[in-house]
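> The structure under discussion is supplied below as structure tokens; questions concerning it will follow.
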Amino acid sequence: MICLDRNTIKTRVISRATEDVACEKVPGAAVLVKQNREVICKDFFGTDGKGGKISDKTLFRLASMTKPITAAAVLIQIERGLVSLDDPLEKFIPEYRDMEIGELDGDKNIVIKGKAQTKITVKHLLSHTSGVGSCALGDKLDKITRNAQTDLKRITDAYASLPLAFDPYSAQAYSATLGFDLLARIVEITSGCEYGKFLKKEIFEPLGMCDTTFDPTEEQWSRVVLMHSYKDGASSFKPLDKSSIFGGYPLTYTCGGAGLVSTLADYEKFTDMLLSGGKAQNGDRILDEESVNLMATPAEPFGISSSEKWGLSVRVVTKDTNRIPVGSYGWSGAYGCHFWIDSKNRITAIYMKNSTYDGGSGAQTAANFEMDVYLK
325 MICLDRNTIK TRVISRATED VACEKVPGAA VLVKQNREVI CKDFFGTDGK
375 GGKISDKTLF RLASMTKPIT AAAVLIQIER GLVSLDDPLE KFIPEYRDME
425 IGELDGDKNI VIKGKAQTKI TVKHLLSHTS GVGSCALGDK LDKITRNAQT
475 DLKRITDAYA SLPLAFDPYS AQAYSATLGF DLLARIVEIT SGCEYGKFLK
525 KEIFEPLGMC DTTFDPTEEQ WSRVVLMHSY KDGASSFKPL DKSSIFGGYP
575 LTYTCGGAGL VSTLADYEKF TDMLLSGGKA QNGDRILDEE SVNLMATPAE
625 PFGISSSEKW GLSVRVVTKD TNRIPVGSYG WSGAYGCHFW IDSKNRITAI
675 YMKNSTYDGG SGAQTAANFE MDVYLK
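Note that the numbering used here has the sequence shown beginning at 325, numbered continuously upward.
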């Protein structure tokens with residue numbers, strides 16, 4: 325078992341973050357490393373773009389770090405017998421019964437190639453093997469459906485008449501929003517509860533995640549960081565837009581793949597729950613241990629890379645990369661948030677920033693953070 329040295333980790337992480345902020349490539353960041361649920365390193369760097377310092381109460385746009393929370397919601401419904409991983413999507417939304425496969429031609433027009441031979445399942449949606457909203461075609465369809473992006477029902481109904489990028493489970497390609505919007509909609513249908521309210525009741529309130537939401541209050545908006553950009557060596561901030569959290573989507577659209585804001589303190593409670601096999605700190609059970617293990621197990625044969633596969637909403641490390649150990653799982657957000665859980669060594673780690681520069685799973689800050697935690 326790896327035993328993290330508190331002083332070494334703090335020195336490396338603090339040194340790196342301080343340098344990143346000083347050169348203005350990172351506006352401000354919150355970092356946390358824990359082992360056996362004890363804090364090894366927790367610190368805050370830079371500002372929120374409004375003159376305030378980053379703190380435990382600072383709110384960040386999670387972007388795709390929303391996805392594991394949506395996966396947890398689906399797993400709750402699976403435990404209740406209301407959903408199965410093998411359920412076809414058409415069971416819940418019949419309009420997805422007869423799907424077509426499409427592609428873009430040289431002029432970026434949509435060309436239909438034929439009928440899908442495989443039904444989309446819940447597992448396909450969770451593991452990015454559905455073909456829904458993926459590849460260059462997915463980007464095109466996102467633009468086509470902008471007027472329908474007002475709530476989950478309208479957007480998922482709108483996509484039902486549009487083609488898939490490939491036959492389900494014939495390939496793997498990331499679905500930035502739509503795949504997890506469909507999962508969130510399934511939760512709404514099977515629970516009879518609006519998605520945001522479901523998350524609040526079943527996950528956020530039991531875990532004490534009081535600052536995780538699709539629709540911030542005025543007080544919470546005052547703690548949301550400004551969006552940072554870095555171009556041609558210059559750092560700048562965009563004015564706060566209270567009408568949207570992600571992608572210009574309105575707040576009424578509770579985007580299951582990218583729509584939440586949260587704090588380091590709140591997301592810590594979520595990762596602690598996963599590390600503890602589904603239990604909250606007070607002993608309340610959010611998920612069964614079997615469900616957490618299912619989330620963290622490779623769900624399909626297609627690799628994200630030579631060393632990673634998809635679990636249910638999370639990447640799972642399957643080969644040694646000299647960064648984080650095999651079996652570790654987690655994900656990232658387009659604006660720079662990043663986390664992982666190393667169950668074998670009882671380690672959780674979270675990095676939070678909001679920038680249009682250096683985001684997503686390939687962010688340099690994410691890679692550096694992983695190396696700084698494990699480098700001998």
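The beta-carbon is built from N, C-alpha and C at its ideal position, and this holds for glycine as well.
Predicted model, so just to flag it, every value in this text is computed and none were measured.
(1) Within its chain, find whatever has a CB closer than 7 Å to the CB of A589; leave out the 5 residues flanking it on each side and keep chain order.
(2) With respect to the alpha helix (DSSP H) encompassing A346, which residues constitute its N-terminal and C-terminal limits?
(3) Alpha carbon to alpha carbon, what distance is there between V549 and G373?
(4) Which residues bound the beta strand (DSSP E) around R639?
(5) Answer yes if the stretch 376-396 comes into contact with the stretch 630-646, meaning at least three C-beta pairs across the two stretches below 8 Å, and no otherwise.
(6) Could you tell me whether the Cβ atoms of C365 and I326 are closer together than 8 Å?
(7) What whole-angstrom Cβ distance do M676 and A354 have, given they're in contact under 8 Å?
(8) Classify A500: buried if its beta carbon has 16 or more other beta carbons within 10 angstroms, exposed otherwise.
(9) Return the CA-CA distance between D644 and S652, expressed in angstroms with no decimal places.
(10) Out of E624, S600 and G686, state which residue places its alpha-carbon closest to the alpha-carbon of K668.
(11) Is it buried or exposed, E526, if we count other Cβ atoms within 10 angstroms and call 16 or more buried?
(12) Are E512 and Y519 touching if we call contact CB-CB under 8 Å?
(13) Would C347 be called buried (16 or more neighbouring beta carbons within 10 Å of its own) or exposed?
(14) So what does DSSP say about K374, is it helix, strand or coil?
(15) Is DSSP giving L409 helix, strand or coil here?
(16) Using the Cα positions of L476 and E632, report the straight-line distance between them to the nearest angstrom.
(17) Determine, using beta carbons only, whether R421 and E414 come nearer to each other than 8 Å.
(18) Which whole-angstrom value describes the C-beta separation of P487 and E424, a residue pair presumed to lie in contact below a C-beta threshold of 8 Å?
(19) Go to T595, then tell me how far its beta strand (DSSP E) extends in each direction, as first and last residue.
(20) Looking at G455 and F504, is the spacing between their C-beta atoms short of 8 Å?
The structure says:
(1) Its chain contains D380 as the residues whose beta carbon lies nearer than 7 Å to that of A589, once the 5 sequence neighbours on both sides are disregarded; these appear in chain order.
(2) First-last of the alpha helix (DSSP H) with A346: R330 to A346.
(3) 6 Å
(4) R639 to V641
(5) Yes, since at least three Cβ pairs between the stretch 630-646 and the stretch 376-396 fall closer than 8 Å, the two stretches touch.
(6) Not in contact: C365 and I326 (Cβ atoms no closer than 8 Å).
(7) Indeed, because the Cβ distance is near 4 Å, the residues count as touching under 8 Å.
(8) buried
(9) Using only the alpha carbons, I get a separation of about 10 Å.
(10) S600
(11) buried
(12) Taking 8 Å as the Cβ cut-off, E512 and Y519 qualify as a contacting pair.
(13) exposed
(14) Looking at K374 - three-state DSSP - the assignment turns out to be coil, as it is neither helix nor strand.
(15) coil
(16) 30 Å
(17) By the CB criterion at 8 Å, R421 and E414 fall inside the cutoff.
(18) 4 Å
(19) Careful: T595 lies outside any beta strand (DSSP E), inside the alpha helix (DSSP H) at L588 to L599.
(20) Contact flag unset, no.
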